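Trainee:
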Amino acid sequence: MNQRSASRSAPGDGALPHGEDLPEIFTALARSENTACLLTRERRLVRTNEGWVRFAQDNGGEEVLRRCQPGFLIDDVIPEPLRELYASGFERALATNTPWAHDYDCSSAEAFRRFRMLVYPVKDAFVVVHSKLVEAKHKDEVHHGDRSLYSECGVICMCSHCRRTRFPNGRGRWDWVPSFVASPPANLSHGLCEPCVHFHYPGL
Ligand SMILES: [Zn+2]
2 MNQRSASRSA
12 PGDGALPHGE
22 DLPEIFTALA
32 RSENTACLLT
42 RERRLVRTNE
52 GWVRFAQDNG
62 GEEVLRRCQP
72 GFLIDDVIPE
82 PLRELYASGF
92 ERALATNTPW
102 AHDYDCSSAE
112 AFRRFRMLVY
122 PVKDAFVVVH
132 SKLVEAKHKD
142 EVHHGDRSLY
152 SECGVICMCS
162 HCRRTRFPNG
172 RGRWDWVPSF
182 VASPPANLSH
192 GLCEPCVHFH
202 YPGL
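According to our numbering, the sequence shown is numbered sequentially starting from 2.
1. With respect to 8 Å, is the separation between the Cβ of Asp176 and the closest non-hydrogen atom of ligand 1 below this value?
2. What residue range does the beta strand (DSSP E) around Val54 cover?
3. Would you identify the three-state DSSP class for Ala112, choosing helix, strand or coil?
4. Please find out if some non-hydrogen atom of ligand 1 comes closer than 8 Å to the beta-carbon of Leu193.
5. Could you pull out every unbroken beta strand (DSSP E) segment of at least 3 residues lying fully inside the segment 64-127, listed in chain order?
6. Would DSSP call Ala7 helix, strand or coil?
7. Among all the DSSP beta bridges, which residues are the ones paired with Asp176?
8. Is the beta carbon of Ile75 sitting closer than 9 Å to the one on Cys38?
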């Protein structure tokens, strides 16, 4: 496959600000199983690869697929507690011209999954690649979702990183509730559990 056919067939057509060619690193990923996307320096979507579209389809991401058109600001799909972390990671990659690696949990209802995101700074753009590090059966105690049990002042709080759910008045107890991941409750809000705060924001 040559570069021309790879870039032409990639879904999510968009353009770089000055009409540059797609970075080679991205055209090499056009048909990859790894999810990848190309962003402008302002973190606006230029295009996604086939693996990105497939991952969204397989994980109930129709809403994300519908919203993530070229020009879309990627920060808008990052949960609010994580936006600063992501923004500083992207900026550091650009300032140091070094890829930024960030590991995160994105479990499904059936399996614990950990991914690594690599952000490559390229000329006037970022190439972002996600690779699966771990996929295994859940070991944590599993609670089947009685929504009223987890609701506190009308809100259910899920950790933005590990997707566990806060148990009200549970003295720091966060449970893995597969049904909330499979079908997020309408009154869901995002927060950060204590281990994720300490892991991702050391020194806070
Ligand atoms: Zn967490």
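Idealized CB from N, CA, C, for every residue including glycine. These figures come from a predicted structure and were not determined experimentally.
Mentor: In brief:
1. As a working note, residue 176 is residue 175 in the sequence shown. No, the beta carbon of Asp176 sits no closer than 8 Å to any heavy atom of ligand 1.
2. The residue labelled residue 54 in the question sits at position 53 within the sequence shown. Note, Val54: premise wrong, no beta strand (DSSP E); alpha helix (DSSP H) at Glu51 to Asp59.
3. The sequence position of residue 112 within the sequence shown is 111, counting from 1. Strand.
4. Within the sequence shown, numbered from 1, the residue matching residue 193 stands at position 192. Yes, Cβ of Leu193 sits closer than 8 Å to a heavy atom of ligand 1.
5. Complete beta strand (DSSP E) runs here, min 3: 101-106 and 112-123.
6. On the sequence shown, residue 7 is found 6 positions in, with the first residue counted as 1. Per-residue confidence for Ala7 stands at a pLDDT of 37, beneath the threshold of 50, marking its modelled position as unreliable; the derived number appears in the next sentence. Of the three classes helix, strand and coil, the one that applies to Ala7 here is helix, per DSSP.
7. As a first step, residue 176 must be located in the sequence shown, where it is residue number 175. DSSP lists Thr166 as the bridge partner or partners of Asp176.
8. The count along the sequence shown starts at 1 and reaches residue 75 at position 74. The count along the sequence shown starts at 1 and reaches residue 38 at position 37. Yes; because the gap between Cβ atoms is below 9 Å, this pair is in contact.
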